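Note that our numbering gives residue 38 to position 38 of the sequence shown, counting from 1, and the numbers run on in steps of one.
Each residue gets a CB set at the ideal place from its N, CA and C atoms; glycine is no exception.
Being a predicted model, the structure only gives us computed values, none of them experimental.
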Amino acid sequence: MDELTYTIQIRARKDENQTSAWLKQQGISPEYFAQTKIYLLQAQKVATNLLKNHAKLLEQNQANTLNNYLRAMTNTKKRNKLTEAHAHKVMNIGTQANRKLFKQHRQNR
């Protein structure tokens with residue numbers, strides 16, 4: 001193996017590790033990233049960020065819905081049964097939380 005090939009492989013590993021770390025930070029598992037539909041991943045990111053950063057804006061049933069969604073995303077069989085409707089429900093909760101957040105910022109001015 002020549003020096004150029006070695007350098008390329010090292011750089012590729014470093015980039016892959018950075019990508020995996022970012023995905024994990026967003027609440028997405030790199031192992032099933034390629035096999036999962038994009039709208040499910042987007043909803044997973046929304047659910048993770050809401051629960052991590054804005055849990056105080058959520059009602060009890062909304063938090064339960066988000067936790068159930070995240071639990072289903074970790075199980076392969078349940079993940080395959082999730083539909084676009086499940087993702088929309090999570091996204092709608094995210095929209096409601098954003099409205100509350102913007103309302104708070106407007107009142108704090």
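Practice problem: Go through its chain and collect everything with a Cβ distance to T79's Cβ below 8 Å, but skip five positions before and after it. | Solution: The sequence given here has Arg at residue 79, not Thr. Cβ within range, chain order: Y32, T36, L40, A72, M73.
Quiz item: What separation, rounded to the nearest whole angstrom, lies between the Cα atoms of S20 and K100?
Solution: 32 Å
Exercise. Quick one: measure Cβ to Cβ for A87 and Q42, integer angstroms, because I've assumed they're closer than 8 Å.
Key: 7 Å
Quiz item: Which residue from I8, G94, T7 puts its Cα closest to that of N53?
Solution: G94
Self-check item: Coil, strand or helix - G27 by DSSP
Solution: coil
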